[in-house]
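Following: one structure in structure tokens, then a few remarks.
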Amino acid sequence: MKFFKTVSAILLGVLLANAGEVEDLIGELGSGDKVKRREAARSLALLGPAARAAVPALIKGLDDDEEQVFFWSATALAKIGPDAHEATPELIKRLKRSGRRYKDQVHVRIVHALTQIGPAAVLQLTGALGSEHSSVRLGAVRVLGNLGFASREAAPRLFDLLADDSESVRFSAGSALGRIGDVAYPQIMQGLSADSATVRAAAAHAVVWIPANSRPAIHLGKRLAKETDNETKVAGLNALNRIGFDGERLLALLLPALDSEEPRLRQEALSGILSLRPNSRAAVPHLIERLAAEDPSKRKQAIDLLGRMGYDASVAVPKLITGLGQADEEEKRSIRNALVEMGPASIPSLLDSATEIPLAKLLGETWQADCIGGIGIQAVSSLTNSLKENPGNGAGLLSLVALQKIGDKSPTTRQVILPWLEHEQAVFRGAALSALVASSTKPNMLMPRLQAAMRDPNSLVRQAAMDALASLGSSAKGATTALVNSLDDKDAAVQLSAIRAIGKLESDDSVLAERLAGMLDGAGTDLRLAVVESLGGFRKLPSIAVKRLVGVLEVKHTATQSAAFDALAKLGPEAKPALSALNQAVGHADSGVRASALNALTKVETDDGKLLALLKPALRDASAKVRHTAIRGLGELGSDARPAGPELFARLETSEDRKLALEALRRVRVRDVDLYISILDNDEPLVRLFACQVLRRLGKGARKAEPELRKRLRDEYDYVRREARRALDSFK
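Per the numbering used here, numbering of the sequence shown is gapless, rising by one per residue and ending at 743.
In structure tokens:
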């Protein structure tokens with residue numbers, strides 16, 4: 012007994028303390044200080060049911076001009092819950108479209124508060140269903156729906172709202188009937204059978220909340236088979252999809268909807284097929300039939316669906332692969348994407364499709380390898396299993412090529428690849444070598460194998476070794492001697508691969524660079540391009556190599572010229588002998604050459620004035636690549652590029668140039684106030700923000716911008732408005 016007296020005393024003390032605190036907070040809620048009112052409302056919300064004495068004051072708080080006082084007052088009433096039932100009429104009144112700034116949030120808060128008050132509010136909410144204001148009807152409907160079974164007495168009135176003028180009210184009334192449960196089934200059934208399509212569509216929203224085997228759901232399924240109204244079909248299919256309606260009966264409704272001219276109905280059919288219970292396999296035969304449709308849109312629809320079904324549609328893979336032979340390029344892309352989406356399910360058929368393909372062709376880019384590469388790591392198990400079966404045909408070679416693309420680093424994969432390095436056919440040895448390098452976590456540890464492969468009697472294997480070394484980059488420096496020896500290989504393809512691999516070493520060997528440069532004499536197009544690209548990979552070049560690169564610029568081959576310019580750009584001022592050729596190439600007919608030459612000039616030309624004179628006109632080039640090179644170059648010049656300010660500002664009008672131009676202008680720091688004023692009405696809010704920021708930093712010197720900045724106080728973006736205000740404040 013003593014214990015209970017002690018507990019009672021403690022509870023009484025807490026209640027008295029809370030009562031005193033609540034009285035104080037009620038007083039502050041009526042204060043003239045908005046901060047005190049806001050904190051009082053927040054504190055009352057934190058007290059929850061203990062603050063029930065504050066309900067009258069909190070009702071007044073709903074009319075407070077300060078947004079936060081309103082929000083916290085509404086929250087406090089919600090926290091108090093059923094004890095705040097006397098606030099119900101006032102809360103319902105405030106379901107009217109608010110004049111406050113955050114109208115939707117106001118509505119949400121009021122609905123939440125009424126929901127927390129609970130069943131005590133049902134009678135008054137039912138009365139509010141007859142309000143002349145649609146926002147009041149909508150709010151009352153939503154609360155009644157939230158209360159579920161407790162709103163059962165309101166079901167007849169909710170039924171009447173299935174014909175409301177407001178779509179939101181109609182659909183919410185349907186949902187509310189569904190949430191009330193089986194006691195509202197008579198109203199739902201009546202709505203689904205109504206003569207009015209508007210009522211039928213609204214009633215269909217009720218089915219979302221009831222079991223798939225309920226009478227209304229089964230009735231809706233039957234009605235949809237002969238329904239003519241698209242809105243009702245969309246709502247009905249959506250409801251049946253979501254509740255897991257019987258797959259066989261639902262499929263019969265979904266398939267005709269795939270051919271509808273109504274986009275929303277087609278989308279519901281697509282979603283429904285993908286979510287059929289227990290799975291979507293039942294739809295696969297029908298979709299396979301559609302692959303033969305004359306209408307390409309129907310074929311594409313079937314292709315996309317099969318892809319998204321994944322493993323469930325695996326039986327369709329052979330048909331999809333066969334379809335590639337007759338498809339146009341766009342449809343081929345769709346089929347390949349579908350095969351990738353199907354994942355491992357498509358791999359057996361993809362491997363089978365490669366068995367009759369010439370092995371040499373499989374070493375290049377094939378759609379099969381691209382598909383398997385797109386599937387990625389999920390394909391590895393199927394590929395390694397294929398290799399274990401030792402197929403000495405296209406399936407085995409495709410497996411190796413695909414493993415190279417995927418680059419799985421597991422020891423298991425490497426163990427499966429190793430035996431293929433000894434295969435009697437060179438094409439398999441070469442592919443295995445490339446796959447092994449791609450799968451190794453420490454490729455440089457493979458150097459002995461690669462060097463041995465460089466001596467293979469077959470050129471395909473030697474070339475694979477060179478390409479593998481090129482993929483290792485500077486890690487392959489240990490093989491430099493072997494690569495140099497391969498420059499004398501009798502096979503031209505091997506020689507080219509060796510040259511490219513040397514370019515990846517990031518070497519500073521001047522003797523090697525001179526040897527490569529010497530190979531430019533009398534070189535054909537492919538050899539010349541390979542040498543130029545390789546020289547571009549050296550960290551530094553001897554003067555003779557630079558001269559040879561300059562000489563190459565006279566060759567009328569755009570790829571070679573661009574590669575030469577890229578190589579010269581890496582040398583910086585050391586490439587000054589090329590300045591004349593670079594200046595001339597800025598006017599080249601090919602945009603790629605112009606861009607490469609301009610980029611090289613930004614690195615080679617040391618006279619900022621001359622460089623500025625070249626970059627300014629390039630800002631008007633028709634090629635975005637050239638313009639972007641010029642913009643970046645001006646940014647690197649910093650404040651020295653200020654004379655190009657007007658031209659840079661002009662680039663802000665073009666969306667594809669805008670981001671780079673902004674970055675450059677931040678570095679150039681143009682001081683012309685008029686230019687910043689000119690972009691205050693730019694379509695991009697980040698540009699307007701940038702202008703406001705700079706004008707703020709300029710302070711009083713930018714006062715002439717005041718009229719335009721004031722316009723930005725009404726900007727649709729908060730951050731622009733704030734920065735405009737800060738800029739105006741800086742003028743004071």
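Beta carbons are placed, not taken as given, at the ideal position from N, Cα and C, and that holds for glycine.
Local conformation of residue i per DSSP, three classes
i	result
A28	Per-residue confidence for A28 stands at a pLDDT of 41, beneath the threshold of 50, marking its modelled position as unreliable; the derived number appears in the next sentence. Correct three-state label for A28: helix.
R105	coil
D668	helix
D76	coil
D257	strand
R708	helix
R168	helix
R559	helix
R460	helix
R631	coil
R277	helix
R662	helix
R226	helix
R288	strand
M320	helix
F439	helix
D315	helix
Run of the alpha helix (DSSP H) containing residue i, from where it starts to where it stops
i	result
H568	H568 -> no alpha helix (DSSP H), and no H or E assigned at all.
E178	178-191
W378	378-386
P359	358-364
M2	With the chain covering only 12 through 743, there is no way to say anything about residue 2.
N610	602-615
N594	590-596
E727	Here E727 belongs to no alpha helix (DSSP H), and DSSP marks it neither H nor E.
Q506	503-514
P296	295-301
A481	470-483
I368	Where I368 is concerned, there is no enclosing alpha helix (DSSP H), given that its DSSP letter is neither H nor E.
S392	391-399
V328	328-334
K743	Segment: none, K743 is in no alpha helix (DSSP H) and carries neither H nor E.
D499	Looking at the DSSP string, D499 is not in any alpha helix (DSSP H), and its letter there is neither H nor E.
S162	That residue, S162, is in no alpha helix (DSSP H); it is neither H nor E in DSSP.
Y687	684-689
A174	Per DSSP, A174 belongs to no alpha helix (DSSP H) and is neither H nor E.
Cβ shell of residue i (< 7 Å), same chain only, five flanking positions each side left out
i	result
A727	Correcting the residue identity first, residue 727 is Glu in this sequence and not Ala. Cβ neighbours of E727 beyond the five flanking positions: none.
I121	A85, L102, R105, L106, G150
L540	A570, T571, A574
E667	A635
Of the listed residues the options, nearest to residue i (C-alpha basis)
i	options	result
L579	V543, A570, K567	V543
K670	P696, K71, Q415	P696
S225	S634, D193, G598	D193
K233	W220, L248, D532	L248
T137	N594, P93, A184	A184
G562	L251, A592, E341	A592
G405	E341, R112, E367	E367
L281	E78, G318, V219	G318
Q135	A165, H118, K114	A165
R310	P93, F742, K330	K330
L188	A205, V152, E178	V152
P430	A596, G418, T395	T395
P459	A479, I642, L158	A479
Close-in-space but distant-in-sequence residues of the same chain around residue i (CB under 8 Å, 5 per side omitted)
i	result
A161	G129, P130, V133
A263	A236
R526	V495, L498
V731	P696, R699, L700, C703, R723
Close beta carbons around residue i, own chain, < 6 Å, minus the five adjacent residues each side
i	result
L88	L69, A95, A98, A124
A475	G441, L444, S445
E273	N241
V210	L173, A174, G202
R163	I191, V194
Closer than 7 Å: residue i CB and nearest the ligand PLP heavy atom
i	result
I368	With respect to the ligand PLP, the structure offers nothing, as it holds no ligand at all.
Residue i at chain D interface by Cβ criterion, 8 Å
i	result
G712	No chain D is part of this structure, which consists of one protein chain only.
Exercise for the section: Indicate whether the contact test is met: 3 or more Cβ pairs, each with one atom in the stretch 429-440 and one in the stretch 335-345, closer than 8 Å. Expected result: Touching, no.
Handout entry: Stretch-stretch touch, CB-based, cutoff 8 Å, three pairs: the stretch 649-666 with the stretch 678-691
Key = The stretch 649-666 vs the stretch 678-691: in contact.
Exercise for the section: Count the C-beta pairs between the stretch 278-293 and the stretch 251-268 that are closer than 8 Å, then say yes if the count reaches three, no if not. Expected result: Yes, since at least three Cβ pairs between the stretch 278-293 and the stretch 251-268 fall closer than 8 Å, the two stretches touch.
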